Amino acid sequence: MTEPPGRVTLWGIEVFLATAEEGSISAAARRLAASPSTVSQQLSGLETALGAILLDRGARPMRLTPAGGMFRRHAQTILNAALEARAELAMSDMSALTTLRLGMIEDLDAEVTPRLLSAMAAELRGCRFLLETGASHRLMEQLDGRALDVVVAADLGAELGPGDWAEVHPLLTEPYVIAAPRGVIDRAGDVRAQLMTLPMIQYTSRHLMGRQIAAHLMQQNLRLAHRFELDSYHAIMAMVSGGAGWTILTPLGVTHAQRFRDATDVLPLPFAPLSRTISLHARVDVLKDMPQRMAGLLRPLLQAQVVGPAVAQLPWLSGQLRVL
10 MTEPPGRVTL WGIEVFLATA EEGSISAAAR RLAASPSTVS QQLSGLETAL GAILLDRGAR
70 PMRLTPAGGM FRRHAQTILN AALEARAELA MSDMSALTTL RLGMIEDLDA EVTPRLLSAM
130 AAELRGCRFL LETGASHRLM EQLDGRALDV VVAADLGAEL GPGDWAEVHP LLTEPYVIAA
190 PRGVIDRAGD VRAQLMTLPM IQYTSRHLMG RQIAAHLMQQ NLRLAHRFEL DSYHAIMAMV
250 SGGAGWTILT PLGVTHAQRF RDATDVLPLP FAPLSRTISL HARVDVLKDM PQRMAGLLRP
310 LLQAQVVGPA VAQLPWLSGQ LRVL
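Here the sequence shown is numbered in the working numbering, starting from 10 and rising by one per residue.
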């Protein structure tokens, strides 16, 4: 429904900010769980109310006009104030929480996330849940920008991680591992030397995990040529299982593409170990004790759905892949 001309609404502001961040109407619509036509109507209504063009819709990606850049600062202040008011009201009675915006890394979206949402829905019967999956750094940016309330993601490290504004609840630690075509690597021989003779399929350096892997290889003085740099676990594991090369992933990444598991061998890194931590992140004091309760729900789910099955398949992971 289009608002009457001359009225600036909170929904219109949220639509404008999402479109400015995403760079397109369709991407903003996906983020807001709305239709592209609704987003377009809200933008037009806001521009009419303000008497200014805020976005250059002809540019790809869509760009802010000078007026849009000026209004964006005010819009973010308005939205932040509304979110803080909503949070204060929620803190007084968490059972009255109407919307929870949750970000989850895609590694957990098949087994863990649906069970977590079911458990939360049973506790918060009047709450609407909005889920966003994606790369850890992207989810943390949205948490920082108040587009998400709670994020489950890989820790970004001291330099890139959140500041004092975030509370962090560690959930899981997991090692990086080798995935190679079944039977190609002789485990009794020099695994490192054998890998050097095979092509490497690298996880994209556009994501934090890919950059961590690349940095670790450089620290080991390993400069590996690679023809493929992919951002999909399924595509990487499909190529590995087909004999195109080997890769470095985490157990979560390997099990995310479980259908290729029978055609691959999973081995420890034949050089210095590398690991990462998955944690739950939220803004300090915004959701009262809910982040801690969510972490408490997640840990047994991770043990049952991730750690237990992985260690049963690969006993050498015991102690390295564990709930915190």
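Ideal Cβ placement from N, Cα and C applies to all residues, glycine included.
Predicted model, so just to flag it, every value in this text is computed and none were measured.
Can you tell me whether residue i is helix, strand or coil according to DSSP?
| i | result |
| --- | --- |
| residue 78 | helix |
| residue 113 | strand |
| residue 284 | strand |
| residue 335 | Residue 335 lies beyond the range of the chain shown here (10 to 333); nothing can be said about it. |
| residue 21 | helix |
| residue 263 | helix |
| residue 37 | helix |
| residue 64 | strand |
| residue 229 | coil |
| residue 206 | coil |
| residue 194 | coil |
| residue 155 | coil |
| residue 132 | helix |
| residue 270 | helix |
| residue 43 | coil |
| residue 296 | coil |
| residue 120 | coil |
| residue 251 | coil |
| residue 107 | coil |
| residue 320 | helix |
| residue 201 | helix |
| residue 16 | coil |
| residue 315 | helix |
Leaving out five residues on either side along the sequence, give the residues of the same chain with a beta carbon under 8 Å from the beta carbon of residue i.
| i | result |
| --- | --- |
| residue 155 | 88, 89, 92 and 292 |
| residue 222 | 185, 211, 212, 257 and 283 |
| residue 42 | 139 |
On the DSSP bridge assignment, give the partners of residue i in chain order.
| i | result |
| --- | --- |
| residue 301 | Paired residues: none, contrary to the question. |
| residue 212 | 239 |
| residue 331 | 182 |
| residue 187 | 257 and 276 |
| residue 141 | 112 |
| residue 176 | 291 |
| residue 72 | 65 |
| residue 3 | With the chain covering only 10 through 333, there is no way to say anything about residue 3. |
Rounded to whole angstroms, what's the CA-CA distance from residue i to residue j? Just pull it up for me.
| i | j | result |
| --- | --- | --- |
| residue 259 | residue 197 | 22 Å |
| residue 36 | residue 24 | 11 Å |
| residue 141 | residue 125 | 14 Å |
| residue 146 | residue 195 | 37 Å |
| residue 138 | residue 203 | 48 Å |
| residue 214 | residue 157 | 25 Å |
| residue 66 | residue 21 | 16 Å |
| residue 325 | residue 184 | 11 Å |
| residue 39 | residue 230 | 42 Å |
| residue 277 | residue 263 | 13 Å |
| residue 60 | residue 149 | 34 Å |
| residue 329 | residue 130 | 32 Å |
| residue 320 | residue 271 | 16 Å |
| residue 17 | residue 248 | 51 Å |
| residue 287 | residue 122 | 14 Å |
| residue 178 | residue 62 | 43 Å |
| residue 71 | residue 84 | 18 Å |
| residue 144 | residue 308 | 21 Å |
| residue 265 | residue 192 | 21 Å |
| residue 218 | residue 47 | 36 Å |
| residue 127 | residue 244 | 30 Å |
Might you give, ordered along the chain, the residues of its own chain that have their beta carbon closer than 6 Å to the beta carbon of residue i, omitting 5 neighbours on each side?
| i | result |
| --- | --- |
| residue 279 | 200 and 201 |
| residue 111 | 140 and 159 |
| residue 285 | 163 |
Excluding sequence positions up to five away, which residues of its chain have a Cβ less than 7 Å from the Cβ of residue i?
| i | result |
| --- | --- |
| residue 51 | 20, 21 and 24 |
| residue 174 | 292 and 293 |
| residue 31 | 37 and 40 |
| residue 49 | 34 |
| residue 166 | none |
| residue 74 | 62, 63, 64 and 65 |
| residue 301 | 178 |
| residue 116 | 261, 262 and 265 |
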